[in-house]
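Residue numbers for the sequence shown, in our numbering: 1 to 510. We put the CB at the ideal spot given by N, CA and C, even for glycine. Notes for the one structure printed next.
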Amino acid sequence: MLRLAFLFIIFLWLSFRWWRNRSSVIINWPVVGMLPGLSLNSSRIHEFLTYVLQQCGGTFAFKGPWFGSLDFLVTSNPANVHHILRKKAFNYHKGVEFKEIFAESFGDGIFCADGDRWKTQRRTIHSFIKDSKFEEAVERIIQRKVSQGIFVILEHFSEQREEVDMQDVLKRFMFDFACLLMLGFDSNSLSIDFPQVPYKQAYYDMEEVLLQRHVKPQWFWKLQKWLQIGEERKMKISSEIFDRLLYQCISRKKELLNRSKTPMHRDDFDFLTFMLVEDNNQEEREMSAFKKSEKYARDMALNLLSAGSETVSSGLTWFLWLVATHPLIEKSILEEMKTNLNGEGDGDGKGRHFSFEELSKLNYLHAAMCESLRLYPPVPFEHTVSVGSDTLPSGHQIGKNTRVIYSPYSMGRMEEIWGGDCLEFKPERWISNKGELGDVSPYRFTAFNAGPRACIGKELAMVEMKAVGAAVIWNYSLQVVENHPILPSNSIVLHMKHGLKVRVLKRSHL
């Protein structure tokens, strides 16, 4: 009888908890917590989290299963973001769980690093970007791949009057670009026949599995990994494929450097060469043995290749879709280009691309890029973990080792941040009354992160997007195929789930 009475009391308590939480945006069930609600909406996770945050004033505490360590707090409140990324940045780091999710793929690279290791890698990347040969290499590679890759493909599909997946074109372009700039290796994936490149697909498979690890209980995906079944088996195979490419590039680069007795030529400038050769100050020399290890080179190169390819191709895809579906904005971009640039073809019929100096004059194009990134940030959510307890400006209590997520995707859709027209594609919101680009707080516009961990490659990403976007828009008109579904994919980077199918028309002003 006592046992039955005890079980009855437990039943009443669980029922009361369920009744109390049933009016919540997500029901907090006994034992399983809010996991059912999250799982049911996992196919539209970004829109679902945005809806939850809109209903909860911009900050929401998610309760996972009782025995799952899946609790987290998600926010879109700029004051909270500023607190986490700037004011109390010392109290938030990547955390053990983040490293367990990502370290298998990204190793000890800058995505997973904290403390001194992060600072050292950031200094290395900063030195690479500031090198006198860097901008020249970036401009040379972009112009080569635009002329010999993107223009050739778009010209072909324009002449054949066939549909083409513009997202696939841009992914291939940025993958080739990143491989050349980071590894000194051309994967040649950007061609009319759209070749299957095993290590390119392997990277996309890893990216998909990494997102799934965020929404699964840790014990579940770790069990899959131990048993080598399901998504975790895919992760192992994909990691091995991509690692073979990275280590082959590193070995070849070391061999070439050992045989060469002359200084690095400007045409041979890439990140692997820079990292293996450059060793200028005392602090770097003290770490040279560690830095020049193949594992370190592999981790650094993969982290930068990921940052330099997937995010930019995502940003470009959404931008070109928005421009193609907003003809008045497309017209304004073209008029700005005609007014400020020498809008003539190259004279060889192969299309016109623009120098970095020319692109710096295009304020409206820059504003349109920012507006696109506001609505469709390449990294839709960021993850951090508290070191100690804290209280956010919103009043929410943060315990020790609490996972905190802020959502740039959701922030771009908040009326409290951007006004009642927040869902509109409106480049004018970035331009002052004098026609100049206005300043926007990085804690409102978080596409490039903010605070000490702000994206060090922001300027590079913007100029890449402008160079490719301007070349495509000036030379071709893209028409989105009727009834083609446009939805964000479930991945670490915000790609389009079904690609971007377009018809290509060559412009007549050339």
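- Annotation for Ser410: no beta strand (DSSP E) segment contains it, though the alpha helix (DSSP H) segment containing it runs Pro408 to Met411.
- Apart from sequence neighbours up to five positions away, the residues of its chain that approach Gly107 with a beta-carbon distance below 6 Å are Asp299, ordered along the chain.
- Within the same chain, and ignoring the five residues on either side of Gly351 in sequence, the residues whose Cβ sits closer than 6 Å to its Cβ are Phe151 and Asn475.
- Cβ contact annotation for His214 (same chain, cutoff 8 Å, sequence separation greater than five): Ile101 and His383, in chain order.
- Taking a 10 Å sphere around the C-beta of Lys130, we find fewer than 16 other C-beta atoms and assign the residue as exposed.
- DSSP assignment within the stretch 36-87 yields the following whole beta strand (DSSP E) runs of 3 residues or more, N-terminal first: 59-62 and 72-75.
- Here the alpha carbon of Tyr247 sits roughly 26 Å from the alpha carbon of Arg144.
- Judged by DSSP secondary structure, Ser127 falls within the alpha helix (DSSP H) whose first and last residues are Gly115 to Lys130.
- A direct Cα-Cα distance of roughly 18 Å separates Ala297 from Tyr203.
- Of the candidates Ile26, Asp71, Val197 and Ser42, the residue whose Cα lies closest to the Cα of Val52 is Ile26.
- The criterion of a C-beta distance shorter than 8 Å is satisfied by Leu190 and Gly149.
- For Ser251, the enclosing alpha helix (DSSP H) begins and ends at Gly230 to Arg259.
- Closest in C-alpha terms to Ala137, from the list Phe269, Lys94, Lys99 and Arg86, comes Phe269.
- C-alpha of Ser441 to C-alpha of Gln55: approximately 24 Å in a straight line.
- CA-CA distance, Gly435 to Thr339, rounds to 14 Å.
- The alpha-carbon separation between Met369 and Cys422 amounts to approximately 16 Å.
- Residue environment: Trp66 is assigned as exposed (fewer than 16 neighbouring CB atoms within 10 Å of its CB, all protein chains considered).
- Taking a cut-off of 8 Å on C-beta distances, the stretch 397-411 does not touch the stretch 323-336, as fewer than three cross pairs fall below it.
- A direct Cα-Cα distance of roughly 21 Å separates Val323 from Glu459.
- Ranking Gln479, Ser508 and Asn41 by CA distance to the CA of Leu500 puts Gln479 first.
- Inter-residue distance for Phe48 and Tyr409 is about 11 Å (C-alpha atoms, whole angstroms).
- Membership of Lys501 in the beta strand (DSSP E) is indicated by the continuous run Lys501 to Lys506.
- Between Gly64 and the set Trp29, Pro78 and Ser43, the nearest pair of CA atoms involves Trp29.
- Judged by their CB atoms, Met414 and Ser309 are not nearer to each other than the 8 Å cut-off.
- According to DSSP, residue pairing for Trp29 in a beta bridge involves Gly33.
- Per the coordinates, the alpha-carbon of Lys426 lies some 17 Å from the alpha-carbon of Glu416.
- According to DSSP, Tyr476 shares a beta bridge with Lys506.
- An exposed status is given to Glu482, since fewer than 16 other beta-carbon atoms sit within 10 Å of its beta-carbon.
- Val404 carries a strand assignment under DSSP once its states are collapsed to helix, strand and coil.
- Within the same chain, and ignoring the five residues on either side of Gly388 in sequence, the residues whose Cβ sits closer than 7 Å to its Cβ are Asn91 and Lys400.
- DSSP, read as helix, strand or coil, puts Met174 in helix.
- The C-beta distance from Ala113 to Pro452 rounds to 13 Å, too long to meet the 8 Å contact threshold.
- In the DSSP assignment, Val385 falls within the unbroken beta strand (DSSP E) covering Glu382 to Ser386.
- The beta-carbon separation of Asp186 and Asp176, rounded to 6 Å, stays under the 8 Å limit for a contact.
- Note on geometry: alpha-carbon atoms of Lys253 and Val96 lie some 33 Å from one another.
- At the C-beta level, His353 and Ser147 come within 8 Å of one another.
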